[in-house]
Amino acid sequence: MEISEVYYPMTYAIAIPTLNAAAEWSNFVHALVAAIDPQSVLIVDSESTDETIDLSNMAGFRTHTIPKSQFDHGSTRQLAVELLPDVDIIIFMTQDAVLADRSSISRLLASFADQNVAAAFGRQLPRLTANPIESHARLFNYSAQSDVRTLGSRVQLGFKTIFISNSFAAYRRDALISVGGFPHNVIFGEDTITAAKLLLSGWKIAYVAEAQVYHSHSYTWMQEFRRYFDIGVLHTRENWLLKEFGDTSGEGGRFVRSEIRYLLPKNWWLVPSALIRNVLKLLGYRLGRIENRLSLKWKRRMSMHSHFWKVETWPSK
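Each residue of the sequence shown is one higher than the last, beginning at 2 in our numbering.
Here it is in structure tokens:
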């Protein structure tokens with residue numbers, strides 16, 4: 002499919018990893034097919050046991066199935082890249098991200114008119130049913146102001162420079178391949194790692210606030226703990242990210258202050274819950290940073306991605 006909004010010919014495809022997506026399918030697919038040609042969508046499914054594959058075929062999407070045991074946040078998306086050798090731009094989404102507007106795809110793609118832009122990601126809005134804590138997390142992380150980031154942006158933005166989300170992000174295929182593609186054997190954060198490599202290689206990354214999806218999560222306290230345990234693991238195993246772009250402590254403090262200000266006027270009774278969540282996030286993160294001292298059994302218990310801990314391994318650099 003041609004990108005008419007861009008000033009030179011490019012082709013694109015959308016890649017979406019799925020697992021038992023039938024319950025979320027209706028809103029997701031209706032918004033998607035209203036914006037694009039269904040034949041441009043590749044579903045990479047991890048042996049769903051519901052109607053996901055049938056629904057994908059009915060929608061006119063291309064479907065590729067992998068064993069559930071082989072799913073990996075980086076290698077599964079890299080497989081999608083390899084299955085789409087003839088497109089210039091690959092857009093990644095997740096099964097729970099719903100396009101907010103039919104122009105969101107074209108707005109995201111338009112950023113590639115700058116041939117130095119290697120990746121672009123859109124704004125994630127809270128779900129319409131989101132609670133205040135869930136809403137604040139999205140509003141804090143995704144501003145209404147677009148920007149383009151370079152390696153020099155780390156002076157001002159620090160670790161936030163490499164913030165990107167594959168729930169709604171697009172990559173110039175040639176640029177992605179030039180930095181080795183998405184990493185394998187990572188607990189998650191393949192998007193963050195790839196963004197860092199692209200910036201270190203001289204490329205730009207665009208944040209397009211006008212390209213929007215509805216995507217947020219109502220995590221329990223334990224899910225928050227587990228998620229941040231995994232973030233700690235990522236930052237320990239990929240410690241070069243912190244060395245190149247700075248630590249995350251300042252951003253955490255800003256988040257807590259912003260959250261309290263957001264909740265106090267109309268939802269003040271949620272402040273204690275928010276504070277407990279933030280304590281659990283910090284505890285989870287610090288335990289993740291010392292994961293080498295923990296047994297495989299405990300890491301599986303504390304991780305949101307327990308499937309990652311098949312054997313005790315350390316990634317090769």
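Note that CB positions come from ideal geometry on N, CA and C, so glycine has one too.
Apart from the 5 residues on each side of it in sequence, F246 sits with its Cβ closer than 8 Å to the Cβ of R155, G159, F160, T162, I163 and A197 in its chain, given in chain order. Spanning the alpha carbons of K244 and N58 requires a straight line of approximately 45 Å. The C-alpha of F113 lies about 18 Å from the C-alpha of L85.
From the listed residues A23, W222, D248 and D192, the smallest Cα separation to L284 is found for W222. Under the criterion of beta carbons closer than 8 Å, N268 and P133 qualify as touching, at roughly 4 Å.
Under the criterion of beta carbons closer than 8 Å, M94 and S144 do not qualify as touching, at roughly 21 Å. The alpha-carbon of F122 is positioned some 12 Å away from that of I91.
Sorting S274, Q125 and T66 by C-alpha distance to the C-alpha of D102 places Q125 at the top. Separation of S105 and L33 (C-alpha to C-alpha, rounded to the nearest whole angstrom) is 10 Å. Contact annotation: A170 and D192 have beta-carbon atoms nearer than 8 Å.
In the three-state DSSP reduction, K244 falls in the helix class (H, G or I).
Taking all protein chains shown into account, G75 has 16 or more neighbouring C-beta atoms within 10 Å of its C-beta and is therefore buried. Minimum Cα-Cα distance from F226 among the listed residues Q213, N293 and H306 corresponds to H306.
The residue among D46, S70, T50 and L297 with its C-alpha nearest the C-alpha of F62 is D46.
Here A196 carries a helix assignment [DSSP, helix/strand/coil]. Residue range K205 to Y215 is occupied by the beta strand (DSSP E) that includes E211, with no alpha helix (DSSP H) assigned at that position. In the DSSP assignment, V42 forms a beta bridge with I15. Burial of Q96 is indicated by the presence of at least 16 other C-beta atoms within 10 angstroms of its C-beta. In the three-state reduction of the DSSP assignment, T162 falls in the helix class, which pools H, G and I. DSSP, read as helix, strand or coil, puts M94 in strand. CA-CA distance, Q213 to R287, rounds to 33 Å.
Remark: three or more beta-carbon pairs, one from each stretch, lie closer than 8 Å, so the region 230-238 and the region 290-306 are flagged as touching. Contiguous beta strand (DSSP E) elements confined to the region 119-145 do not occur, taking only those with 3 or more residues.
The beta carbon of T249 sits closer than 6 Å to the beta carbons of F160 from its chain, once the five residues preceding and following it are set aside; these are given in chain order. Our two residues, H308 and P68, have alpha carbons roughly 13 Å apart in a direct line. Remark: C-beta atoms of L297 and W310 approach each other more closely than 8 Å. Around L56, the same chain offers A22, A23, W26 and V30 as residues with beta carbons nearer than 8 Å, after the five sequence neighbours per side are excluded. In this structure, the CA atom of S304 is about 34 Å from the CA atom of A60. Shown here for G181: same chain residues with a beta carbon closer than 8 Å to its own, the five before and five after excluded, namely K198 in chain order. Separation of the CB atoms of K205 and A111 is rounded to 14 Å, and the pair is thereby denied contact status at 8 Å.
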